[in-house]
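Here is the structure we will look at, set down as C-alpha cells.
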Amino acid sequence: MSAKPIVAATDGSEESLRAVEWAAKEAKLRSAPLRIVSAAALLPRMIGGHAASDPATVADVLRQNRDRALAAGADRAAKAAPGLLIDTDQLAGSPDQAVTDSGSGAMMLVVGSRGVGAFAAMVLGSVSRYVATHATCPVVVVRDETWASHRQVGIGIADLETSAAALEFAFEEAALRKASLMAIHAWHTPQSDISRAGEATAPPSRHAVEEHVTQQLEQLLSDWRAKYPDVQVSQDVVHGHPARALVGLSARADLVILGRRAAHHGAGSVTHAMLNHAHGPIATVPSA
182 MSAKPIVAAT DGSEESLRAV EWAAKEAKLR SAPLRIVSAA ALLPRMIGGH AASDPATVAD
242 VLRQNRDRAL AAGADRAAKA APGLLIDTDQ LAGSPDQAVT DSGSGAMMLV VGSRGVGAFA
302 AMVLGSVSRY VATHATCPVV VVRDETWASH RQVGIGIADL ETSAAALEFA FEEAALRKAS
362 LMAIHAWHTP QSDISRAGEA TAPPSRHAVE EHVTQQLEQL LSDWRAKYPD VQVSQDVVHG
422 HPARALVGLS ARADLVILGR RAAHHGAGSV THAMLNHAHG PIATVPSA
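Under my numbering, the residue at position 246 of the sequence shown is numbered 427, and the numbers go up by one with no gaps.
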C-alpha cells in the first residue's frame, strides 16, 4: 500500500468487526486503503508451563482464531465498502503494544471497545484504552455503533492553545461527511480559565468567564471557518464537567473528537469517561 492507510484492529468479536466496518466506510470516504490487523498472544501464565504441549496447543488455537478474525474482518470490510483496497496483517507481541505500533504512519487507527465474553471484554477494553492514549496517530474507538446518521461531528476543546490537530481532524471529518460541527469548551475553575487575562482583586463572575472564553473560542474557530467555508459551525461554552457535556453530545453526533498530548501515558478523566460512557464513536487526536 502506497497511500497512508486506515488501520483497524479485530479479535473476531462482533464489536471489533463493527469497528472494522466503520473503518472500511471511513476509508472509502477518504479514498484510503484499509489495513486490518489482529494479534494472537498467550496469557503470561500460559507461557513456560510444565506441560510442553499445552502452550503450543493454546498458541495454535489463538493463531487460528487470529487468522479467522482477519478473514472475517476482510469479508465484513469488503461488504461494507465494495471496491476498497484491503490488506490484512498478523501482529506479534502483546496486543496492546502491537496494535499501538500498527498505527505508525497510518491515517488513523480504529478499534472496538469490547470483545466477546467477560475476559475478552476486559482484554479488548484495556487494549483500546492503551491504544487511544499511546498511538502516534488519531485513534477512533467505536462504541455502540447504530449506523444512524446525525450529520453532526462534535469536538471537545480543553486547551484553546493546543487544539490545532484535533480541530483539523474535526473539520476534515465534518467536510467529508457534509455534516455540521459542534465545538464545546467546558470549565470548572474560573480563575484558571482567565489566568492570562491579568490578576483580579475578586473572583470573576460566571458571566464574565463565559464571555471571555466565548470570545477566545470564536477567535480560535474563525480561521478554520475560513478554511472550511462549507462546514456549518456552532459552539457552546459549558460551566460544568466536560465529560458530562461530551457524553451527551455523543448521543447526537456521528463522531466526537478529543485532543490529547502526543506523549500522553494514561487516560485523563474526560477521555476515561468517554471511553466508558460515550454513545458512539470517539476519536483521540495527538497534538502536533
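No residue lacks a Cβ here, since even glycine has one placed at the ideal position from N, Cα and C.
>> Based on DSSP bridge pairs, tell me the residues matched to V414.
In response: According to DSSP, V414 bridges with L362.
>> Please classify G379 as buried or exposed, where buried requires at least 16 neighbouring CB atoms within 10 angstroms.
In response: Residue placement at G379 is flagged as unreliable, the pLDDT there being 49, under the threshold of 50; the coordinate-derived value follows with that caveat. Of the residues assessed, G379 falls on the exposed side of the cut-off, its CB having fewer than 16 other CB atoms within 10 angstroms.
> Using the C-alpha atoms, what's the distance from V334 back to E342?
Replying inline: Roughly 21 Å separates the two Cα atoms.
> Would you call T238 buried or exposed, if buried means 16 or more other Cβ atoms sit within 10 Å of its Cβ?
Replying inline: The residue is exposed, with fewer than 16 neighbouring Cβ atoms inside 10 Å.
> Going by DSSP, which residues form a beta bridge with D268?
Replying inline: The partner list for D268 (beta bridge, DSSP) reads R216.
> Tell me which same chain residues have a C-beta within less than 6 Å of the C-beta of A355, skipping the five on either side of it?
Replying inline: So the qualifying residues of the chain are V334, L362 and V412.
> Under the three-state reduction of DSSP, which class applies to H458: helix, strand or coil?
Replying inline: Reduced to three states, the DSSP call for H458 is helix.
>> If you reduce the DSSP assignment to three classes, tell me which class H420 lands in.
In response: In the structure shown, the three-state DSSP call for H420 is strand.
> Under the rule that 16 or more other beta-carbon atoms within 10 Å means buried, what is L210, buried or exposed?
Replying inline: Looking at its Cβ environment, which holds fewer than 16 other Cβ atoms inside 10 Å, L210 is exposed.
>> Please return the same chain residues whose Cβ sits closer than 7 Å to the Cβ of T281, not counting the five positions on each side in sequence.
In response: Same-chain partners within the cutoff: Y311, V312, H315 and A316.
>> On the CB-based measure, 16 or more other CB atoms within 10 Å of its CB, does V242 come out buried or exposed?
In response: It counts as exposed.
> Any idea what DSSP makes of R433, helix, strand or coil?
Replying inline: In the three-state scheme derived from DSSP, where H, G and I count as helix and E and B as strand, R433 is classed as coil.
> Just the Cα atoms here: how many angstroms apart are K206 and T395?
Replying inline: One C-alpha to the other measures close to 35 Å.
>> Using only the alpha-carbon positions, how far apart do L251 and G274 sit?
In response: Straight-line spacing of the CA atoms in L251 and G274 works out to 17 Å.
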